[in-house]
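Student: The C-terminal position of the sequence shown is numbered 382 in the working numbering, with every residue numbered one higher than the one before it. Backbone N, C-alpha and C define an ideal beta-carbon position, used for all residues, glycine too. Here the structure is a predicted model, which means the values were calculated and not measured.
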Amino acid sequence: MDIKQIILKAIYGKLSDDERRKLEVWLGEAGNRGLYERIRGHLESRDAVQFLAEVDVERALGRIRRRRRKAIVTISSLVAGIAAVVLVTVLLWPVVQTVPVKVESQSHGATIVLSNGEEVRLGDTVLNHRLREANIDVANGEIKVQATNVETKVESKVIAYNTLKVPHGESYSITLADGTRVWVNALSSLKFPSSFEGSAERIVELVGEGFFEVARDTVHPFRVKTVNQTIVVTGTAFNVEAYVGEVSRTTLCQGQVIVEASVGKPVFLSPGQQLSVDKQGEVVVAEVNTDVYTSWIRGEYYFDNQTLDQVLLELGKWFEIKEVIFFDPALERQLFSGKFKKSDGLETILKVIERGVGAEINCSNGQIRIGKK
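1. Any contact between the segment 229-245 and the segment 262-274? By contact I mean 3 or more CB pairs, one from each, below 8 Å.
2. Please work out which residues of its chain come closer than 6 Å, Cβ to Cβ, to Ile-306, disregarding the five sequence neighbours upstream and downstream, and give them in chain order.
3. Pull up the distance between the alpha-carbon of Gln-376 and that of Glu-341, whole angstroms please.
4. For Ala-39 and Asp-337, what's the separation of their Cα atoms in angstroms?
5. The alpha helix (DSSP H) spanning Thr-303 covers which residue range?
6. Could you check which residue in Gln-283, Gly-308, Val-266 has the C-alpha nearest to that of Cys-277?
7. Let me know if Glu-63 comes out buried or exposed under the rule of 16 or more other beta-carbons within 10 Å of its beta-carbon.
8. Which of the three DSSP states, helix, strand or coil, is assigned to Val-233?
9. Let me know the secondary structure DSSP gives Glu-269 once reduced to three states.
10. According to the Cβ coordinates, are Ser-198 and Val-216 closer than 8 Å?
11. At 3 residues or longer, and completely inside the segment 325-355: list those beta strand (DSSP E) runs for me, N to C.
12. Cα-Cα, which of Ser-279, Ser-285, Lys-13 is closest to Tyr-252?
13. Tell me the DSSP secondary structure of Lys-200 in three-state form.
14. Between the alpha carbons of Ala-246 and Arg-190, how many angstroms are there, rounded?
15. To the nearest angstrom, how far is it from the Cα of Ala-156 to the Cα of Ala-143?
16. Between the alpha carbons of Glu-369 and Val-297, how many angstroms are there, rounded?
17. Give the straight-line distance between the Cα atoms of Ser-180 and Ser-304, rounded to the nearest whole angstrom.
18. Look at the alpha carbon of Thr-299 and the alpha carbon of Leu-44, and state the distance between them as a whole number of angstroms.
19. If you drop the 5 nearest sequence neighbours on each side, which residues of the same chain put their C-beta closer than 6 Å to that of Lys-326?
20. In the DSSP assignment, find the beta strand (DSSP E) that holds Glu-218 and state where it starts and stops.
21. Taking the straight line between their C-alpha atoms, what separation do you get for Leu-123 and Glu-250?
22. In whole angstroms, give me the CA-to-CA distance for Trp-35 and Asn-41.
23. I'd like to check one pair, Phe-349 with Leu-317: are the Cβ atoms closer than 8 Å?
24. So is Phe-258 buried or exposed if we call it buried at 16+ other beta carbons inside 10 Å?
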């Protein structure tokens, strides 16, 4: 491990005895201790990840030392301070990379936003009557939209839409008025109508992730709208990932679907196929193991040759992960395979991952630090 990694581990992580000895030797060289203190002061005063840069520290220090040998110049404390800032902001970036992980503030539970704008927290016994008035029942962690009674339904051209919002660390299942069942994952929302009566199509909108078991109805196609695609079905089972800023994926388990991306022609999928749309809008269809993409509805995580940054991004939707710091950028792309239950807990899962990728992983206060052993 070179000195730039040791410096950052000393500031953000935990040094081994050997690394501590190397740091002490380096600090004993002329000028290094003052430089180290300036670097540490700068990094501790601002978010290091935003200000680390791209050039080798040793090469930079070499330039400074050569400059000193060529000319004897007295550098003021101000210039030295600026030099330290420049050293940090321009020279250290490859050492640390972060994986952005979406984490909401402390969750207060899933909610349903009714068509009139009123938001009702699931489990709030005081306001449960509001849900019943909207033909929505909640029991044993499941939501059911009651079908409209033919004798009492009121003719209306306006469709009333409600929105289920599921926070960090939770998931819910909901049965829609037509009998379609949807599992809604953490950090996701599903916009659905109180009734499909009188509609030529059954339309819902998803942000985040959901697994659909669509009730068969060849006369009234079922459409799932996301930010960059629409999935059209008559009766089938499939998983949709549509988190903002991430790759969108439609994975078909049973039946057949048509995926209408924002660009290109509609694509027909067969069971075992997945259509993905990346951030640039590129569409790719591939054969996949559907269990990997549907394990979450069974309370599991199933990773199959996925990069470590993607693994941690997925874990961060359920567990309290605020930030991930890689001390070696190569570890981001390290492949990992494994299967866990969510009930195993984050600490146990991270220990297994640590052994699997041969890295050192430390977790504290929602921050995960990953480096080479």
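Tutor: Let's see:
1. Two segments are said to touch when three or more pairs of C-beta atoms, one from each, lie closer than 8 Å; by this definition the segment 229-245 touches the segment 262-274.
2. These residues qualify, in order along the chain: Trp-192, Phe-220.
3. Going by the C-alpha atoms only, they are around 16 Å apart.
4. Whole-angstrom Cα-Cα distance: 28 Å.
5. For Thr-303, the enclosing alpha helix (DSSP H) covers residues 299-303.
6. The residue asked about is misnamed: residue 277 is Phe in this sequence, not Cys. Shortest Cα-Cα distance from Phe-277 to any of Gln-283, Gly-308, Val-266 involves Val-266.
7. Because the pLDDT of Glu-63 is 36, which lies under 50, any placement of that residue in the model is unreliable, and the number read from its coordinates should be weighed accordingly. Exposed, by the Cβ-count rule.
8. Secondary structure at Val-233: strand, using DSSP grouped into helix, strand and coil.
9. Looking at Glu-269 - three-state DSSP - the assignment turns out to be strand.
10. Yes, Cβ-Cβ distance for Ser-198 and Val-216 is below 8 Å.
11. Counting whole runs of 3 or more residues, the segment 325-355 contains the beta strand (DSSP E) stretches 332-335, 344-350.
12. Taking only the C-alpha atoms, the option nearest Tyr-252 is Ser-285.
13. In the three-state DSSP reduction, Lys-200 falls in the strand class (E or B).
14. Roughly 10 Å between the two C-alpha positions.
15. About 11 Å.
16. Straight through space, the alpha carbons of Val-297 and Glu-369 are spaced by roughly 31 Å.
17. Going by the C-alpha atoms only, they are around 13 Å apart.
18. It is roughly 53 Å from the alpha-carbon of Thr-299 to the alpha-carbon of Leu-44.
19. Excluding residues up to 5 positions away in sequence, Ala-195, Leu-196 lie with their Cβ nearer than 6 Å to the Cβ of Lys-326 in the same chain.
20. Run containing Glu-218: 211-222, per the beta strand (DSSP E) assignment.
21. When rounded, the distance between both Cα atoms is 24 Å.
22. The straight-line gap from Cα to Cα measures roughly 7 Å.
23. Not a contact, by the Cβ cut-off of 8 Å.
24. Correcting the residue type first, residue 258 is Arg in the shown sequence and not Phe. That one is buried.
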